[in-house]
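In our numbering, the protein residues as written are 762 to 1184. All residues carry an ideal CB built from backbone N, CA and C; glycine is no exception. As the structure is a prediction and not an experimental result, all values here were calculated from the model.
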Amino acid sequence: MSVGVVRVGLLGLGTVGGGVIKTIRSQQEKLSLRLGKRIEIVKALVRDSEKERAVHVEPSILTTNFEDVLKSDVDIVVEVMGGVDPTYDYVRALIEKGCHVVTANKELLAKRGTELVELANQHQVHLAYEASVAGGIPILSVLRQFLRTNDISGVRGILNGTTNFILTKMEAEQLSYQEVLKQAQELGYAEADPRSDVEGFDAMYKLYILAQLVYGESLPLADVVRKGISDLSAGHIRIASELGYRIKLIAQAYQTDEGIRLSVQPTMLPLGHPLAQIQDAFNAVQLSGNIVGDLLFTGRGAGELPTASAVVEDLAYLLTQPFTPHPVWRENTASHLAAQPEASQRSLCYLEGSCPSATPDRVLHFLRAAGVSISKLKVQFDLGGVLRAGLITSGLNEEHEALLTSDFGLSVRRFPILESAES
Ligand SMILES: NC(=O)c1ccc[n+]([C@@H]2O[C@H](COP(=O)([O-])OP(=O)(O)OC[C@H]3O[C@@H](n4cnc5c(N)ncnc54)[C@H](OP(=O)(O)O)[C@@H]3O)[C@@H](O)[C@H]2O)c1
């Protein structure tokens, strides 16, 4: 690293890359004073060097050829291009050349983090990825630096801003999923292809990374319970609200006697639960430590500047810290069974159908005879005679669900309930 100047390369100059340049420019004086070095962006890899960009950069900095970044004698590379292919190969080549890497790419870390962490250790370079989980919330640094004595029994949170925005609007404005998705796309909160967000992949990658830090291991991605929000209806949200619950896409990792469980799924939160208060595109992470108790971190989980904030803080941190080996990432392949959701858990069961045999009395009689306990019930019929019912149950299993469909013509959707700490 040359004295006085840090040479930084960017892989990608889109939303986050643009935010990184803006932040470095606006904070340059402060950063120079605190770090004793000026940060200079010397190369930026893009797909299309002719494209109009939100930030002005000298045309000579832009390149469409990765080799130009590799050759440009950079000290640190900020990877904000996303995806795994060809990003993994690029990051690998940079680490092998002795470059420190800062990345916001949760998919890359969740899928290839184990190899990248080992490689970074081997080459004694920093691999920093605060921006990959919950955007501007510095949750990974908190876990790494300030919660080393506590045993963390569980971590849960709202890790995807797009889905939280959609669910908030669906409830507040009583709109359908499709209507709100369209608005979210127009406002730039959702991608043209929203699958990674709405099907829960994005939150799953972040949860995987959190679990690595909390437990020193994670389940293989294929074993994580993952359900998205694309099949949620206004009916689900209305019945939930009438029963005193709010639906959130909750990512959870927690320890059980059989191993760790990881899940991302639409979950019912009592209205008083702290995570039920997290609205719009905000993110939140809740932790339980054996000494400190419950902690809640909240803030903007995505967007140009919140994400750039995490990237530039990582950059500033690694410039002041000597290299120390990263904890090795491990996949716990022994915990397959632990990934299954518990049937005994209290859940909100949503039933919908128009079959004449499906009267509320008959359905309740069937469930009680099958040993399912029901603590709350809300029933609605619309003008077309469609029954919609919400039941707070415990003991409902997949066999009961199948019988409700075959014998009563009901579609069944079961949502786990995240109990409040005090309940
Ligand atoms: N956006 C957020 O709020 C946010 C929050 C947290 C984490 N992240 C993560 O940050 C990363 C970047 O996200 P973003 O929203 O900034 O993406 P983006 O706006 O789509 O920008 C991607 C950038 O990478 C370049 N690029 C993509 N593939 C390339 C390739 N094969 N070769 C060369 N250049 C390539 C693009 O070039 P062109 O400009 O020429 O197309 C573009 O400049 C992703 O990993 C994302 O998950 C994003």
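In the DSSP assignment, S937 falls outside any alpha helix (DSSP H), carrying neither H nor E.
In this structure the region 854-865 lies against the region 835-843, because at least three pairs of beta carbons, one per stretch, are closer than 8 Å. Assigned with DSSP and collapsed to three states, L1032 falls in coil, not helix or strand. For the region 1100-1139, the continuous alpha helix (DSSP H) assignments of 4+ residues that do not extend past its boundaries occur at 1121-1130, in sequence order.
Scanning its chain for C-beta atoms nearer than 6 Å, with the 5 sequence neighbours on each side dropped, one finds around I785 the residues I800, in chain order. Counted as a single uninterrupted DSSP element, the stretch harbouring I800 is not any alpha helix (DSSP H) but the beta strand (DSSP E) occupying residues R799 to L806. Rounded to the nearest angstrom, the gap between the Cα atoms of H1126 and F1142 is 19 Å. Non-local beta-carbon contacts of G1146 in its own chain, meaning distances under 7 Å to residues more than five positions away in sequence, involve S1115 in chain order. Taking 8 Å as the cut-off, the beta carbon of V1046 is found closer than this to the beta carbon of I898.
Under DSSP, T1059 takes part in a beta bridge, and its partners are A1045. Under the three-state reduction of DSSP, Q789 is assigned to helix. In this structure, M842 has its CB closer than 7 Å to one or more heavy atoms of ligand 1. Burial state of P955 is buried, judged by a 10 Å Cβ sphere holding 16 or more other Cβ atoms.
Checking the 7 Å criterion, the Cβ of T784 is out of range of every heavy atom belonging to ligand 1.
One alpha carbon belongs to R1022, the other to L796, and they sit about 41 Å apart.
Secondary structure in the region 924-1006: the alpha helix (DSSP H) runs of 4 residues or longer, each lying completely within the stretch, are 938-947, 956-959, 962-976 and 995-1003 in chain order.
Residues P1121 and A1150 of the same chain have their beta carbon placed closer than 6 Å to that of V1140, with the five preceding and five following residues left out of the count. DSSP places S914 inside the beta strand (DSSP E), whose first and last residues are I913 to I919. Going by DSSP, G874 is part of the alpha helix (DSSP H) stretching over K867 to H884. For G918, the shortest separation between its Cβ and any heavy atom of ligand 1 does not lie below 7 Å. Residue environment for S893: buried (at least 16 other C-beta atoms within 10 angstroms of its C-beta).
With the rule of 3 Cβ pairs closer than 8 Å, the region 802-811 does not count as touching the region 874-891. DSSP places H1161 in the uninterrupted alpha helix (DSSP H) bounded by E1159 to F1169. The way I'd put it, the region 1024-1036 does touch the region 954-968; three or more beta-carbon pairs between them come closer than 8 Å. Going by C-alpha positions, I900 is about 47 Å away from A1130.
The C-beta distance from D836 to C860 rounds to 7 Å, short enough to fall under 8 Å. Pairing E1162 with L1179, the inter-Cα distance amounts to about 21 Å. Rounded to the nearest whole angstrom, the C-alpha separation of E1065 and K798 is 24 Å. Per DSSP, the beta-bridge partners of Q1013 are R917 and S1024. Counted as a single uninterrupted DSSP element, the beta strand (DSSP E) harbouring V769 occupies residues V766 to L772. Here the alpha carbon of E1003 sits roughly 39 Å from the alpha carbon of S1070. Membership of P1177 in the beta strand (DSSP E) is indicated by the continuous run S1172 to P1177. Within the same chain, G922, T923, N925, F926, Y950, R1061, G1062, A1063 and G1064 come within 8 Å of A1042 by CB-CB distance, once the 5 residues on both sides are set aside.
Secondary structure note for I856: its alpha helix (DSSP H) is the uninterrupted segment T848 to E857. Using a C-beta cut-off of 8 Å, the region 909-917 makes contact with the region 1048-1062, since at least three inter-stretch Cβ pairs fall below that distance.
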